[in-house]
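A.B. asks: Okay, so the sequence shown: first residue is 1484 according to this note's numbering, each after it adds one.
Every residue gets a Cβ at the ideal spot worked out from N, C-alpha and C, and that includes glycine.
Take a look at this one; I'll ask things after.
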Amino acid sequence: MRRKFVLGNWKLNGSLQENERLFNALVTRLKSLRAADFAVCVPFTYLFQAQALLSSTNIAWGAQNASQFESGAYTSSISAKMIAEFDSKFVIIGHSERRTLSNESNQKAARRFARVVNAHLTPIYCVGETLEELEAGISANVVKNQILAITHGLDDDIFASAKKVNMVIAYEPVWAIGNGQAATSNQAQAMHLFIRNLIAKVDPGFAKTIRIIYGGSMTPANAFGLLSMPDVDGGLIGRCALSANEFSQICDIANQLSLCAESV
Ligand code: PGA
């Protein structure tokens, strides 16, 4: 059974004071939820605060990107090893906002992915098509190439290590991010199954256990429909992750669904 996983992506938001309130509210609201897994990916500057306030709770934390380099003359870069020093567990890789803002290729995202895995952190590898690609009918091909960059574009030992750290894939259709227009449950399910089948071609056993989460305008109102789908194993939440109330409602739904699955 795959436990549901809800991950908040805070993006470029927060302040020491606001974060403290949000962390504390989440700790209180999520503490009794034991059937699903929860985490928040915060700006680098708040990893220390996340470590201070979330240690010994059921909420893990991590970052939103990591350098493709390990160290050296790369002004402003932050390495996966540095992120790991704050007891982080997760790093989002290849988010569409990174791909667009810094013109990031699949190959570059794959190199970042490798650094994260080598630092024994869990990559949340984001894939998804743009509106133009959706309208051109090439969504499956775009997502396939994004997946191939990590399954075939890296040394075998990296993919083997990625399995050990339980890599996660996030399907985030770019046309659904941040605008209130989530994919339908059926659209999400179809793409998640497609992704699982791609992984199965490389490793059928791993395809059964890998978590494939959905991101793009997930809210308390649509979370049940999306998370009930057999191949949707959780959510990557942007806007609603900034509200303790909305984020914890989504976590609650994920927890209930995991509880139901446990009892089958
Ligand atoms: P959203 O963001 O929930 O605000 O659509 C999701 C994401 O970008 O990860």
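Report buried or exposed for residue 1723, applying the criterion of at least 16 other Cβ atoms within 10 angstroms of its Cβ.
C.D. replies: buried
A.B. asks: Pairs of beta-carbons, one from the region 1521 to 1533 and one from the region 1488 to 1503, closer than 8 Å: are there three or more?
C.D. replies: yes
A.B. asks: Do residue 1666 and residue 1656 have their CB atoms nearer than 7 Å?
C.D. replies: yes
A.B. asks: Compare the Cα-Cα distances from residue 1629 to each of 1569, 1704 and 1678 and report the closest residue.
C.D. replies: 1678
A.B. asks: Identify every run of the alpha helix (DSSP H) within the region 1578 to 1621, keeping only runs that are complete inside it and at least 4 residues long; order them along the chain.
C.D. replies: 1579 to 1584, 1589 to 1601 and 1614 to 1618
A.B. asks: With burial defined as no fewer than 16 other Cβ atoms inside 10 Å of the residue's Cβ, what is the status of residue 1640: buried or exposed?
C.D. replies: exposed
A.B. asks: Can you list, in chain order, the residues of its chain whose CB lies under 8 Å from that of residue 1514, leaving out five sequence neighbours each side?
C.D. replies: 1540 and 1541
A.B. asks: What number of angstroms, rounded off, separates the C-alpha of residue 1596 from the C-alpha of residue 1584?
C.D. replies: 18 Å
A.B. asks: Taking only the alpha-carbon atoms, compute the straight-line gap between residue 1590 and residue 1564 and give it to the nearest angstrom.
C.D. replies: 20 Å
A.B. asks: So is residue 1747 buried or exposed if we call it buried at 16+ other beta carbons inside 10 Å?
C.D. replies: Answer is exposed; the Cβ neighbour count stays below 16.
A.B. asks: Using 10 angstroms around the beta-carbon of residue 1759, count the other beta-carbons present and answer buried if the total reaches 16, otherwise exposed.
C.D. replies: The shown model of the chain, from 1484 to 1747, leaves out residue 1759, and the question about it has no answer.
A.B. asks: What do you reckon, is the C-beta of residue 1722 under 6 Å from a heavy atom of the ligand PGA?
C.D. replies: yes
A.B. asks: Out of curiosity, what's the CA-to-CA distance linking residue 1626 and residue 1683?
C.D. replies: 15 Å
A.B. asks: Can you list, in chain order, the residues of its chain whose CB lies under 7 Å from that of residue 1716, leaving out five sequence neighbours each side?
C.D. replies: 1485, 1487, 1488, 1694, 1695 and 1696
A.B. asks: Assign residue 1569 to one of three DSSP states: helix, strand, or coil.
C.D. replies: coil
A.B. asks: Are the beta-carbon atoms belonging to residue 1566 and residue 1549 less than 7 Å from one another?
C.D. replies: yes
A.B. asks: Is residue 1543 helix, strand or coil by DSSP?
C.D. replies: strand
A.B. asks: Do residue 1670 and residue 1703 have their C-beta atoms within less than 7 Å of each other?
C.D. replies: no
A.B. asks: Whole beta strand (DSSP E) runs in the region 1696 to 1728 with 3 or more residues, listed along the chain?
C.D. replies: 1717 to 1720
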